[in-house]
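Okay, so the sequence shown: first residue is 2 according to the working numbering, each after it adds one. Single-structure report; data block below.
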Amino acid sequence: MARASIVYRRRYNFGFPGLEKLHPFDMRKFAHAMSALRRRGALRRGDVRRPRWPSDLDLQRVHWRRYLKSVRSSETLAKIVEVPFVARLPQVAARYALLHPMRWAVGGTMLAARLALERGSAVNLGGGFHHAHANRGHGFCVFSDVAVAIAVLRAESRAQRFLIVDLDAHQGDGHSALFADDEQVEILDMFNDAIFPGDSRAEEGITWDVRLEPGTGDREYLARLEDALPHAIDASRPDLAFYLAGTDVIAGDPLGLLDLSPEGLLRRDRFVWEALAARGVPRVMLTAGGYTQGSAALIASTVEHYLSR
2 MARASIVYRR RYNFGFPGLE KLHPFDMRKF AHAMSALRRR GALRRGDVRR PRWPSDLDLQ
62 RVHWRRYLKS VRSSETLAKI VEVPFVARLP QVAARYALLH PMRWAVGGTM LAARLALERG
122 SAVNLGGGFH HAHANRGHGF CVFSDVAVAI AVLRAESRAQ RFLIVDLDAH QGDGHSALFA
182 DDEQVEILDM FNDAIFPGDS RAEEGITWDV RLEPGTGDRE YLARLEDALP HAIDASRPDL
242 AFYLAGTDVI AGDPLGLLDL SPEGLLRRDR FVWEALAARG VPRVMLTAGG YTQGSAALIA
302 STVEHYLSR
């Protein structure tokens with residue numbers, strides 16, 4: 002099997018200084034993860050691929066045109082990222098700082114999906130915007146990159162059946178709503194049941210839900226994952242799997258409120274990758290959520306392991 006490709010460009014990083022004081026997200030997390038990989042000597046020539054800007058048509062395969070027009074405004078973006086100050090920014094500045102990085106990451110997920118189908122595996126150092134719906138966004142998610150990638154792959158007749166393995170600490174309400182009536186997209190979602198978004202209606206679209214209590218640690222978390230994932234892969238028989246490898250499950254994350262150790266997180270990521278690989282499933286890793294300053298280093302450790310396989 003070919004070495005995993007890494008998809009990244011600097012424009013993934015969010016664009017104005019001081020925003021991290023208003024939201025716990027590390028606005029340069031993706032750049033920090035890439036820098037860590039370079040410092041560790043984990044990258045070879047040709048490992049990193051740059052995505053293209055996704056077209057309006059790409060986005061319109063999933064999102065309503067009226068919604069796509071609305072997200073150009075500072076006021077709408079402020080609500081989606083839950084930072085009221087953003088509403089006071091000039092629209093051009095808000096788009097450059099927030100909207101454009103997310104759109105570049107959509108292109109990254111599209112490219113990573115194509116590369117995974119060609120090579121077996123790929124990592125997008127971004128993406129995993131699982132709270133975005135067709136006609137609205139919230140939870141720092143404007144576009145549904147996974148849904149756009151699936152729609153594009155289907156239009157190109159590259160793949161039809163998909164599995165989403167969502168191990169971000171939060172319920173992926175956007176995915177479960179978007180694919181509720183799609184029998185060829187199945188979802189394993191393992192999440193803290195006591196935190197945002199708590200969308201009981203969207204939960205009906207989850208194929209396999211694994212609900213966790215706040216403070217769940219390595220032993221219980223890994224045992225429940227090891228019980229659920231092999232069955233989900235075998236039952237769904239996907240052409241491609243998307244893995245949302247959120248680092249917000251780590252102890253001390255202010256939003257995830259779970260209690261995994263760094264070692265437990267790496268064991269989780271290894272298990273998912275190896276379970277998919279053992280069954281011959283092409284796979285894409287997406288970084289999803291993670292709100293500690295150590296998130297970038299955790300991502301780098303996982304990607305370094307994937308590159309060594």
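Using N, Cα and C, we set each Cβ at its ideal position, and we do this for glycine too.
- Assignment of W105 by DSSP, reduced to helix, strand and coil, places it in the helix class.
- Here H131 is buried, its C-beta having at least 16 other C-beta atoms within 10 Å.
- The C-beta distance from S177 to G206 rounds to 3 Å, short enough to meet the 8 Å contact threshold.
- Excluding the 5 residues flanking it on each side, R212 has same chain C-beta neighbours closer than 6 Å at D194, in chain order.
- When the beta-carbon positions are compared, F15 and A98 come within less than 8 Å of each other.
- Using a Cβ distance threshold of 8 Å, F144 and H64 count as a contacting pair.
- Inter-residue distance for I7 and G216 is about 32 Å (C-alpha atoms, whole angstroms).
- Residue pairing from DSSP places L287 in a beta bridge opposite N125, L245.
- Note that the segment 238 to 254 touches the segment 148 to 165; at least 3 beta-carbon pairs, one per stretch, sit closer than 8 Å.
- Between A114 and L154, the beta carbon gap of about 6 Å places them in contact (Cβ cut-off 8 Å).
- For R212, the enclosing beta strand (DSSP E) covers residues 209 to 213.
- Within the DSSP bridge table, the entry for E187 names L164 as partners.
- For the pair L261 and D219, the CB atoms are nearer than the 8 Å cut-off.
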